[in-house]
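Peer 1:
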Amino acid sequence: GSLVAAVLEHSGRLDKEHLGARVGRLSRRGEVCTMINKKYVEFLPSMRGAEDLVAQVDGLANNIDQLKGHIENEVQRDLNVAGAEFTELKQQLERDTLVLSVLRKLQEFDTAVKEFHSALLEEQYVTAAQQLEKARSSLRILESRKGFELKILKALGKELVVQTQNIIYHLWQEWQKLIVWKLPPSKGSSSLEAVVLSELHLHTVPPQDKDTAVPPVAAVLQALAVLGELHYKLKDFGHFLLQYILKPLILHPSLEPVSEEQPDVFILRFESQELALDEASPMEVFDKIKLVFEVLHKYLLNVPLEQPGEGKVTLAELLGELIWEELSDCLIHNCLVKSIPTNSSKLEQYKEVIKSTEEFEKALKKMQFLKEDTTALLKYACNVNSHFANKKCQDVIMAARNLMTSEIHNTVKITPDSSVALPELPDPGSGDHLKMHRALNLHGGVVNLGSESRLSPLTLSLPTCRISCSVQQLVELAYHTLLEATASTDLCCLQLFSCVRDIFQLFCEVVPTYHRENLQKLPQLAAIHHNNCMYIAHHLLTLGHQFRYSSASVLSSVAVTFVDLVPGFRRLGVECFLAQMRVQKGEILERLSSARNFSNMDDEENYRAANKAIKQVLHQLRRLGMVWQDVLPVNVYCKAMGTLLNTALAEIVTRIVALEDISAEDADRLYSLCRIMVEEGPQVFTPLLEEDKNKKYQEEVPVFVQNWMTFKELMIILQANLQEIVDQWADGKGPLAKEFSAAEVKSLIRALFQNTERRAAALAKIK
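With UniProt numbering applied, the sequence shown corresponds to residues 1 to 767, in that order.
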């Protein structure tokens with residue numbers, strides 16, 4: 001019952017809400033209708049107004065179209081006609097303006113030419129030149145107008161060229177009157193006899209007669225400047241001034257400039273001093289040139305000019321720009337270079353040259369011949385230390401090269417007691433300077449080590465031999481150059497040290513190349529070259545150390561040594577001498593090859609051939625012994641001769657041992673040939689000039705000839721019987737076993753003796 005009651009209550013509530021919503025909707029619809037009616041009433045008048053405006057716009061558009069058509073058909077045509085007329089009038093105005101300007105320029109040209117002629121007739125050269133330049137400017141403007149060409153311009157141009165040449169001719173004539181050169185007949189000659197005839201006449205002296213027709217020099221020069229011709233005239237004048245005045249004063253010390261002033265001319269000429277020195281000092285040369293410039297400045301160069309594009313300048317400035325470079329080069333190379341000292345002790349005196357150079361440049365600048373920033377001469381003079389080092393090095397290198405290319409065969413004998421006087425070197429720790437009153441023995445003698453102990457007189461000495469005089473002078477040159485270095489500035493010191501190294505490196509390149517043919521063909525020169533290299537290497541061992549502590553120079557703080565060059569020099573000498581030894585060995589073997597292998601000596605022809613070969617070899621050895629005598633050190637001589645004699649003996653032994661059959665007669669003849677070698681071979685050992693002193697070395701032949709005892713054992717075998725050979729063998733302990741192998745002894749036995757039981761027994765004992 002309660003449920004039913006609730007449902008009925010809810011349904012009633014829903015009906016009431018639905019009814020209320022519907023009533024609300026109806027009321028709103030009424031309001032909307034009322035609003036629409038109001039808007040419609042307001043819109044209607046606006047729409048009607050818009051329609052009226054549209055009608056008015058359409059009317060205006062029609063009017064515009066009508067107006068446009070009128071403009072296009074009538075107004076535009078009138079405008080086109082007016083524009084064409086305006087363009088034509090404008091072009092006409094431009095043509096008239098151009099014609100007017102051309103006529104004005106032609107008038108200016110004509111006026112300038114007329115004034116030019118008038119001024120030229122009156123010899124007013126500056127005015128004439130200026131008017132001619134005005135005419136040229138007017139013509140240049142006329143020619144620059146594009147699209148407007150006149151045939152008359154070519155004629156005007158030709159006329160301008162003619163008048164330009166006309167005034168230049170007149171000015172040149174006036175120049176020749178002002179500047180007169182009187183030169184020797186042979187103009188190209190620079191000899192003293194020709195130069196002394198040169199004279200310069202300047203007709204620029206203010207004339208006493210005021211009515212003179214000669215124009216002033218300033219007018220001529222200014223006119224040339226205006227025309228742009230002054231440069232060419234000054235260039236010619238500068239060339240003559242250098243060739244006939246300035247350079248002769250530098251190159252010929254005996255010349256003295258002489259000036260002479262006359263009423264209408266100034267003359268500059270030369271006089272030759274007979275007792276002049278070979279070279280003039282820079283101070284004397286500067287004074288002479290300064291005198292010339294002072295004269296020229298007074299009578300010619302002190303003329304102010306208006307140079308186009310440069311403003312006011314003097315003639316001296318223009319001339320200086322043209323000739324100073326060549327003049328300064330001539331002064332440097334022919335005056336200052338020669339004045340550079342060749343000895344560092346004279347460097348202090350060079351300050352006078354520097355001072356004189358500075359004064360010379362100041363004088364030229366005062367005369368406006370030089371610009372203020374020009375200091376070429378002074379810079380060169382102030383850099384004297386560098387120039388001194390360069391010159392010294394150049395002189396040293398040239399002197400060294402001349403020594404290297406001189407004859408090798410001019411020799412001097414070097415002995416252990418030979419010495420060269422050099423300054424004593426101070427103790428390394430003292431740092432004292434050189435002391436010149438004592439001498440250091442370089443080759444031999446007692447060397448003081450600064451303590452009581454003394455070395456042997458022959459310590460570090462070079463063995464007696466002969467070296468080239470040129471090499472001895474080369475080493476002395478190196479010592480003196482290093483001595484010079486120790487007294488020089490640091491830069492010069494290092495440069496001279498490097499120069500000495502260059503000398504020795506140059507030796508290794510020049511001498512083997514320059515003397516190659518002689519060193520290959522002449523045994524004596526090869527031996528001398530060997531000694532030369534060893535002599536230089538001997539000095540290089542201590543050369544650097546001797547000068548390292550000789551002064552407070554930079555050498556004491558750097559690695560000063562020549563030791564690294566020593567192996568190269570030793571190798572150079574040894575290779576040259578060994579090459580000559582190979583040549584001699586080849587000749588020995590070639591001569592022995594004609595001995596027909598020393599076989600069949602019972603044949604008379606074969607014996608004569610072998611005997612001839614032996615004698616040729618001995619003759620060759622004797623000849624070598626003579627050319628190497630007193631040249632090579634004794635030990636080198638003996639080793640060389642021993643090696644060559646050993647080559648001959650070894651070849652003979654090899655040929656004889658290789659024989660398969662030796663008859664009794666063959667053995668006798670082979671023995672006689674070998675005896676010749678044994679008797680005469682030692683006589684080729686003559687290292688000294690004194691014959692009695694050579695016996696010692698002839699007795700020591702076995703020491704230098706390795707196969708000497710082998711050869712003598714071979715001679716014993718050739719004359720011995722089987723038992724004697726077996727005794728010499730002594731079971732491999734005898735003298736024969738020391739020189740020959742068992743196989744060689746057996747081969748000789750088979751060749752010398754017939755096949756018998758005794759021979760077989762002897763062969764059995766050789767083992």
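Where a beta carbon is used, it is the ideal one built from N, C-alpha and C, also for glycine.
Keeping to the same chain, check which residues put their C-beta closer than 7 Å to that of Ala-280; ignore five residues upstream and five downstream.
Peer 2: Cβ within range, chain order: Pro-253.
Peer 1: Under the rule that 16 or more other beta-carbon atoms within 10 Å means buried, what is Ala-400, buried or exposed?
Peer 2: Flag for Ala-400 reads buried.
Peer 1: As an exercise, report each continuous alpha helix (DSSP H) stretch of at least 4 residues that is fully enclosed by the segment 702-744, in chain order.
Peer 2: Correct list: 708-719, 722-729 and 735-739.
Peer 1: Since Ala-112 and Ala-223 should fall inside the 8 Å C-beta cutoff, what is the C-beta to C-beta distance between them, to a whole number of angstroms?
Peer 2: Ala-112 to Ala-223, Cβ: 15 Å. No contact.
Peer 1: Among all the DSSP beta bridges, which residues are the ones paired with Ile-414?
Peer 2: According to DSSP, which records beta bridges pairwise, Ile-414 is partnered with Cys-465.
Peer 1: Classify Ile-245 as buried or exposed, calling it buried when 16 or more other Cβ atoms lie within 10 Å of its own Cβ.
Peer 2: Buried is the call here.
Peer 1: Just to confirm, are Leu-79 and Leu-106 a CB contact at a threshold of 9 Å?
Peer 2: Cβ distance not < 9 Å, so Leu-79 and Leu-106 don't count as in contact.
Peer 1: Taking the continuous alpha helix (DSSP H) assigned at Val-195, which residues delimit it?
Peer 2: 192-195 is the span of the alpha helix (DSSP H), which, as asked, contains Val-195.
Peer 1: So with Cβ pairs under 9 Å, would you call Thr-686 a contact of chain B?
Peer 2: Among the protein chains of the structure shown there is no chain B, as only one such chain exists.
Peer 1: In whole angstroms, give me the CA-to-CA distance for Val-446 and Thr-481.
Peer 2: The predicted model places Val-446 with a pLDDT of 44, which falls under 50 and marks its position as unreliable, so this point remains unresolved.
Peer 1: Can you give me the C-alpha to C-alpha distance between Leu-296 and Gly-228, rounded to a whole angstrom?
Peer 2: Taking the straight line joining both Cα atoms gives about 22 Å.
Peer 1: Do you know offhand how far Leu-543's Cα is from Phe-562's?
Peer 2: One C-alpha to the other measures close to 7 Å.
Peer 1: Just curious, the beta strand (DSSP E) that Pro-257 is in, first and last residue?
Peer 2: It spans 255-261 - the beta strand (DSSP E) in which Pro-257 sits, taken as one unbroken run.
Peer 1: Within the same chain, show all residues whose beta-carbon is closer than 6 Å to that of Val-475, passing over the 5 residues directly before and after it, in chain order.
Peer 2: Same-chain partners within the cutoff: His-539.
Peer 1: Please look up how many angstroms separate the CB atoms of Ala-526 and Gln-580, rounded, as I've assumed it's under 8 Å.
Peer 2: Contact holds; Cβ gap of about 4 Å.
Peer 1: Quick check on DSSP: helix, strand or coil for Phe-369?
Peer 2: It is coil, neither helix nor strand.
Peer 1: First and last residue of the alpha helix (DSSP H) that includes Trp-324?
Peer 2: Here the alpha helix (DSSP H) through Trp-324 covers 315-331.
Peer 1: Could you give the first and the last residue of the continuous alpha helix (DSSP H) run that contains Trp-172?
Peer 2: Looking at the DSSP string, the run of the alpha helix (DSSP H) that includes Trp-172 is 151-178.
Peer 1: In whole angstroms, give me the CA-to-CA distance for Asp-58 and Asp-52.
Peer 2: Straight-line Cα distance between these residues: approximately 10 Å.
Peer 1: Just reading off the beta strand (DSSP E) that Phe-270 is part of, what are its end residues?
Peer 2: Looking at the DSSP string, the run of the beta strand (DSSP E) that includes Phe-270 is 266-272.
Peer 1: Is the CB-CB distance between residue 797 and Ala-730 below 9 Å?
Peer 2: For residue 797 there is no data in the structure shown, the boundaries of the chain being 1 and 767.
Peer 1: Measuring straight from C-alpha to C-alpha, what distance separates Arg-622 and Ala-610?
Peer 2: Near 18 Å, if we compare the C-alpha coordinates of Ala-610 and Arg-622.
Peer 1: Have a look at Tyr-697 and Cys-638 and give me their C-alpha separation to the nearest angstrom.
Peer 2: Taking the straight line joining both Cα atoms gives about 8 Å.
Peer 1: May I ask you to report which of helix, strand or coil DSSP gives Asn-216?
Peer 2: Strictly speaking, residue 216 in this sequence is Pro, with Asn absent from that position. Pro-216 falls in the coil class under three-state DSSP.
Peer 1: With DSSP run on the structure shown, which of helix, strand or coil describes His-409?
Peer 2: DSSP places His-409 in coil when its eight states are reduced to three.
Peer 1: By Cβ distance, which residues of its chain are closer than 8 Å to Tyr-514, with the 5 residues on each side in sequence left out?
Peer 2: Result list for Tyr-514: Met-404 and Thr-405, in chain order.
Peer 1: Taking its Cβ as the centre, do 16 or more other Cβ atoms sit within 10 Å of Gly-573, making it buried, or is it exposed?
Peer 2: Gly-573 should be labelled buried.
Peer 1: Which residues mark the beginning and the end of the beta strand (DSSP E) in which Leu-301 is found?
Peer 2: That residue, Leu-301, is in no beta strand (DSSP E); it is neither H nor E in DSSP.
Peer 1: With a CB to CB cut of under 7 Å and the five nearest residues on each side skipped, what residues in its chain are close to Leu-242?
Peer 2: Around Leu-242: Ile-323, Glu-326 and Leu-327.
Peer 1: Is the beta carbon of Ile-652 less than 9 Å from the beta carbon of Leu-673?
Peer 2: The answer is yes: Cβ separation under 9 Å.
Peer 1: Would you kindly work out how many angstroms separate the C-alpha atoms of Leu-519 and Ser-461, rounded to a whole number?
Peer 2: Taking the straight line joining both Cα atoms gives about 26 Å.
Peer 1: Let me check understanding here. Comparing Cα to Cα, which of Thr-464, Ala-225, Ala-648 and Arg-669 lies closest to Leu-689?
Peer 2: Looking at the Cα atoms, Thr-464 is the closest of the given residues.
Peer 1: DSSP on Lys-362, reduced to helix/strand/coil?
Peer 2: In this structure, Lys-362 counts as helix in the three-state DSSP scheme.
Peer 1: Buried or exposed for Val-75, going by 16 or more other Cβ atoms inside 10 Å?
Peer 2: By the 10 Å Cβ count, Val-75 comes out exposed.
Peer 1: Report the option in Asn-694, Glu-605, Lys-298 and Leu-565 whose CA atom is closest to the CA atom of Met-626.
Peer 2: Nearest of Asn-694, Glu-605, Lys-298 and Leu-565 to Met-626, Cα basis: Asn-694.
Peer 1: With distances taken from CA atoms, which of Leu-300, Lys-247 and Val-285 is nearest Ile-267?
Peer 2: Among Leu-300, Lys-247 and Val-285, the Cα nearest to that of Ile-267 is on Leu-300.
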